[in-house]
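K.L.:
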Amino acid sequence: MGVVKFRVAICGGGIGGLAHACALAKFPDISVNIYESASKFSPFGAGIGLWPRAWNVLCALGLDEEMAKITSASPMDGTAHSFSFRKSDQSNGFTFGNMFSRGPMLTFHRAQFQQVLAQHVSPSCRIHHSKRLKSYSQDRYGGPIHLSFEDGTHGICDVLVGCDGIKSVVRNCLLREQAEIARDNGHLKDERDLLACTDYVSWVGSVAYRALIPVERLKEDCDKGLLVLPTTPTMYVGTNVHLIIYPVSQGKTVNLALFHLQPELQDMPYRGPWSKEVDEAELFNITRFESWEPQVKRWLKYVRRPTKWAIHRVKPLPTFISGNVVLLGDAAHACSPHQGTGAGQAIEDAYFLAELLGHSRTTLETLPRALQIYDNIRRPWTQETSAKSNANSRYFMLHYDDFDFRNADAAAVTAKLHELTDLIIADWKWCWTTTVGDSLKAAIQQLEGYNL
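Here UniProt numbering is used: the first residue of the sequence shown is 1, the next is one more, and so on.
#1: Work out the CA separation of A346 and W381 for me, nearest whole Å.
#2: Rounded to the nearest angstrom, what separates W51 and V57 at their Cα positions?
#3: Closer than 8 Å by C-beta to S74: which residues in its own chain qualify, once you throw out the five before and the five after it? Chain order, please.
#4: Could you check where the beta strand (DSSP E) with W309 kicks off and where it finishes?
#5: Does the beta-carbon distance from K167 to E150 come in below 8 Å?
#6: For L24, which residues from the same chain have a beta carbon less than 6 Å from its beta carbon, with the 5 sequence-adjacent residues on both sides left out?
#7: Do C335 and S275 have their CB atoms nearer than 8 Å?
#8: Taking 8 Å as the threshold, find out whether the region 259-275 comes into contact with the region 199-219 through three or more Cβ pairs.
#9: Can you give the beta carbon distance from K416 to F403, rounded, assuming they're within the 8 Å contact cut?
#10: Should residue 453 go down as buried or exposed, given a rule of 16 or more other Cβ atoms within 10 Å for buried?
#11: Could you give the distance in angstroms between the alpha-carbon of V325 and the alpha-carbon of L174?
#12: Quick check on DSSP: helix, strand or coil for I213?
#13: To which residues of the same chain is L218 closer than 8 Å at the C-beta, ignoring the five residues directly before and after it?
#14: According to the neighbour-count rule (16 or more other Cβ atoms, all chains shown, within 10 Å of its Cβ), is residue 493 buried or exposed?
#15: Considering only the alpha carbon of each residue, which of I321, L447, I10 lies closest to H129?
#16: Spatial neighbours of T434 within its chain, please: C-beta separation below 8 Å, excluding the five flanking residues on both sides.
#17: Checking 8 Å against the spacing of the C-beta atoms, do R110 and A46 come in under that value?
#18: In angstroms, rounded to a whole number, what distance separates the CA positions of residue 540 and V248?
#19: Here's the rule I'm using: 16 or more other beta-carbon atoms within 10 Å means buried, otherwise exposed. How should M76 be labelled?
#20: To the nearest angstrom, how far is it from the Cα of T95 to the Cα of V237?
#21: Determine which residues share a DSSP beta bridge with M99 and list them.
#22: Rounded to a whole number of angstroms, what is the C-alpha to C-alpha distance between residue 490 and R304?
#23: Where does P247 sit, in a helix, a strand or coil, going by DSSP?
#24: Please state the DSSP three-state secondary structure of Q138.
#25: For G13, I'd like the list of residues in its chain whose CB is within less than 6 Å of its CB, leaving aside the five on either flank, ordered along the chain.
#26: Mapping DSSP to helix, strand and coil, what is M235?
#27: So is Q114 in contact with chain B if we call contact Cβ pairs under 8 Å?
#28: On the DSSP letters alone, give me the boundaries of the beta strand (DSSP E) that K276 sits inside.
#29: Under 8 Å between the Cβ atoms of L160 and Y136?
#30: In this structure, how does DSSP classify A408 when only helix, strand and coil are distinguished?
#31: What did DSSP end up calling V4 once you bin it into helix, strand or coil?
#32: So for T414, helix, strand or coil by DSSP?
#33: By alpha-carbon positions, which one of M235, V215, H242 ends up nearest to G251?
#34: Could you give the C-beta distance for Y351 and L61, rounded to a whole number, given that I count them as a contact under 8 Å?
#35: Once you ignore the five residues that flank A179 on each side, which residues in its own chain have a CB closer than 6 Å to its CB?
#36: Round the Cβ separation of D427 and A391 to the nearest angstrom and send it over; I've been treating them as touching at under 8 Å.
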């Protein structure tokens, strides 16, 4: 490595952190260190989906060839059947909607996806495991950022990128730092609002049971025609419960996620661990599924020791930056997983930020300007898309327009489901009708228009 213009510390080695390191790899004058709390990258994980908008970013990073080897669908530009929606809380379930997109939603096993990212960071990038950040400190008027870790060790950098997930330490430190600045400037209301933001993670009132089912275990039922392996992600919906199924690992495994909503508990504190392995019998404590269509019950009989996740979100933050500290991915805008865009938005953040940091107009002195442009453009966008995903979390539970899907007559239910489908698709179209390139072009123009 030649002359280094600044040092970047990435807190968190998940999808967002690794994608950011991959995106920075083409800028040899930026030193990169990743600090990951886990002792190693886990070989476990559930399925994730990527829409064309995020896939285009992977193409720009040169990762498309390797990623195409581990997905269960073929990347393409043509029209794809991307989702089927079934009303399933009745013995005779029926498909009430289909979603078609320009290019499919590509599905992956999270661990395989993360492994490919890790293989494409720069050889000069150092990955430090078992490093859980405790706090950071920075001078308001510039200078390096000092990092303190739970194991008593320390680090130093010029830019700290918080990719440490929904329970982000970086986010809480950043908001407290902004609150102190507001107090010192006499803005007491802003101080109170910012301190309130440190509790901006809230439970949405739902839990997800996630499981991976090897296809070989399904052979008997498939041979009998009792189950059909999904080639298209399928949503089985009912009041306060829905199930999503899609293939991962090149079609060798089926990803299953069952969501259960208790609307009266939204924004209440969640008691217990946010994720844990549970006995499959717990699925039937939600509802006995006796009245559900047979194929749902057959899918559930194959679930073994699912992982139960309490679904939380980050409420809209007033800023993603403070000094030379910046947030991306779930640390900045975690939302419910009902558009399959969490990983994709983290990848977009990572790429967008890297392009600004690596630009020739960004120096140690102009870093605050580059980070402000990132915040001005990415924060409104991600908060808008997060709101759409959070809306889907209600729609998939058949919470729409105060309509009683359980007791209305069949014709009224069908009409309302078609109306709901149109709304879901309209809110989802941004995933394949827009690109990050347009907003990045505007950001670069702002950066280049800045007078040094």
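Ideal Cβ placement from N, Cα and C applies to all residues, glycine included.
P.N.:
With the given structure in hand:
#1: Cα to Cα, W381 sits roughly 12 Å from A346.
#2: In this structure, the alpha-carbon of W51 lies about 10 Å from that of V57.
#3: Correct list, in chain order: A68, P104.
#4: Looking at the DSSP string, the run of the beta strand (DSSP E) that includes W309 is 307-314.
#5: Remark: C-beta atoms of K167 and E150 do not approach each other more closely than 8 Å.
#6: Closer than 6 Å at the Cβ level, and outside the excluded window around L24, lie I30, V32, A354.
#7: Contact flag unset, no.
#8: By the criterion of at least three beta-carbon pairs nearer than 8 Å, the region 259-275 is in contact with the region 199-219.
#9: Indeed, because the Cβ distance is near 5 Å, the residues count as touching under 8 Å.
#10: Residue 453 is absent from the structure shown; the chain starts at 1 and stops at 452.
#11: So the two alpha carbons sit approximately 7 Å from each other.
#12: DSSP places I213 in the strand class (E or B) of the three-state scheme.
#13: The residues are L227, L229, V254, Y302.
#14: Nothing about residue 493 can be read from this structure; the chain reaches only from 1 to 452.
#15: Across the set I321, L447, I10, the C-alpha of I10 shows the shortest separation from the C-alpha of H129.
#16: If we look at T434 and ignore the five residues flanking it on each side, its Cβ neighbours are R53.
#17: Yes, they are a contact pair.
#18: As shown, the chain starts at 1 and ends at 452. That puts residue 540 outside it, with no answer to give.
#19: Exposed: under 16 other Cβ atoms inside 10 Å.
#20: Spanning the two alpha carbons is a distance of roughly 10 Å.
#21: DSSP output for M99 lists F83 as bridge partner(s).
#22: As shown, the chain starts at 1 and ends at 452. That puts residue 490 outside it, with no answer to give.
#23: DSSP places P247 within a strand segment (E or B) once states are collapsed to three.
#24: Q138 falls in the strand class under three-state DSSP.
#25: Contacts found: I34, E36.
#26: In this structure, DSSP gives M235 an extended state, which the three-state scheme calls strand.
#27: Judged by its chain identifiers, the structure shown contains no chain B, having just a single protein chain.
#28: Where K276 is concerned, the enclosing beta strand (DSSP E) stretches over 275-277.
#29: Going by C-beta atoms, L160 is nearer than 8 Å to Y136.
#30: Note: A408 maps to coil in three-state DSSP.
#31: Correct three-state label for V4: coil.
#32: Note: T414 maps to helix in three-state DSSP.
#33: Closest in alpha carbon position to G251, among M235, V215, H242, is V215.
#34: 7 Å between Cβ atoms; contact.
#35: Hits under 6 Å: E191, L194, L195.
#36: Indeed, because the Cβ distance is near 6 Å, the residues count as touching under 8 Å.
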